[in-house]
Amino acid sequence: MTQCQLCEQQMDDDGYLCRGCVKATRVRLECLPDLYAGLLPFLAPPGGNGGGRGSKPVYAPLPVVEDILDLRGPGGLVGTAEQWLTVICRDRGHTVATPDGGGIEARLRAAVSGLLANMPWVAVSWPDAGEFAADIRELSRSVTSIIAPAPAVDRGRRIGHCPAIDPSGTLCGAVLRLLPGEKAVRCEWCDTRYPPYVWGQLKAWMTEDEKARHAA
Ligand SMILES: [Zn+2]
Ligand SMILES: [Zn+2]
């Protein structure tokens, strides 16, 4: 029995990556050119798209444009893909095809198809397969987080710090939140419940604790 280097599950076959991780890595690789293209709209210069004089400047949304420039630049997506291809070719004893000019997009497509062609060998015979697959996963995550940020989870309204005191006399102090749809505040740390009828008292305790903190 061997273990997949990426998901660490036991696998029936020999090799370094399980079938699921091979498939996922292939999909991530195939998506890289589209991710690369998907970053472009985020680079629109502020107010640059023909709004005309006097119109309000339109700022590119988060995140920082530099991150996107890095990812789209020679060292970003294309650099990572080409570097891995170079290492794989070297380890297989193949000649490394030098990128023949062309735009970054063309180079990225070439590197991706080279990596895909090597995937069967990588999964079965390459001890660095796990590191490679993890790096590709990280790369696609960082681009995806820019293009389609995960929706913010509603963590509820922040109430204050938990005033519960454990038997040893230590103040809990964890952040209390009223979760959406909940009627009582429950401390996720010490599990103390604060139903609405004690909220007045809760507020008083918190103010006391707050004062104590400032005095300390
Ligand atoms: Zn796996
Ligand atoms: Zn607590």
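If you're matching positions, the sequence shown starts at 1 in UniProt numbering and goes up one per residue. All C-beta atoms, glycine included, are put in the ideal place defined by N, C-alpha and C.
Those residues which DSSP pairs with residue i across a bridge
{"i": "Tyr194", "result": "Val185"}
{"i": "Gly155", "result": "Per the sequence presented here, residue 155 reads as Arg, with Gly not at that position. Note: Arg155 sits in no beta bridge, so no partner."}
{"i": "Ile68", "result": "Ile68 pairs with nothing; no bridge assigned."}
Beta-carbon separation (whole angstroms), residue i vs residue j, contact threshold 8 Å
{"i": "Leu176", "j": "Val185", "result": "5 Å"}
{"i": "Ala81", "j": "Ala129", "result": "Rounded, the Cβ-Cβ distance is 16 Å, inconsistent with contact."}
{"i": "Pro196", "j": "Lys211", "result": "Between Lys211 and Pro196 the Cβ distance is about 24 Å, and since that is not below 8 Å, they are no contact."}
{"i": "Trp84", "j": "Leu115", "result": "6 Å"}
Rounded straight-line distance, which links the Cα of residue j to that of residue i
{"i": "Gly20", "j": "Gly181", "result": "38 Å"}
{"i": "Ile146", "j": "Lys203", "result": "40 Å"}
{"i": "Thr86", "j": "Ala174", "result": "50 Å"}
{"i": "Pro75", "j": "Phe42", "result": "Before going on, a small fix: residue 75 reads as Gly here, not Pro. Between Gly75 and Phe42, the C-alpha separation is close to 18 Å."}
{"i": "Trp189", "j": "Met206", "result": "16 Å"}
{"i": "Tyr59", "j": "Leu39", "result": "For Tyr59, the predicted structure reports a pLDDT of 46, less than 50, and the residue's modelled location is therefore unreliable. A value from the coordinates is still provided. Answer to the nearest angstrom: the Cα atoms are 15 Å apart."}
{"i": "Cys162", "j": "Arg141", "result": "35 Å"}
{"i": "Gly160", "j": "Asp135", "result": "40 Å"}
N- and C-terminal bounds of the beta strand (DSSP E) containing residue i
{"i": "Val175", "result": "175-178"}
N- and C-terminal bounds of the alpha helix (DSSP H) containing residue i
{"i": "Trp84", "result": "77-92"}
{"i": "Ala134", "result": "129-147"}
{"i": "Gly103", "result": "Looking at the DSSP string, Gly103 is not in any alpha helix (DSSP H), and its letter there is neither H nor E."}
{"i": "Leu43", "result": "It is not in any alpha helix (DSSP H) - Leu43 carries neither H nor E in the DSSP assignment."}
{"i": "Gly200", "result": "199-215"}
CB contact below 8 Å: residue i versus chain C
{"i": "His94", "result": "This model lacks chain C altogether, as it is built from one protein chain only."}
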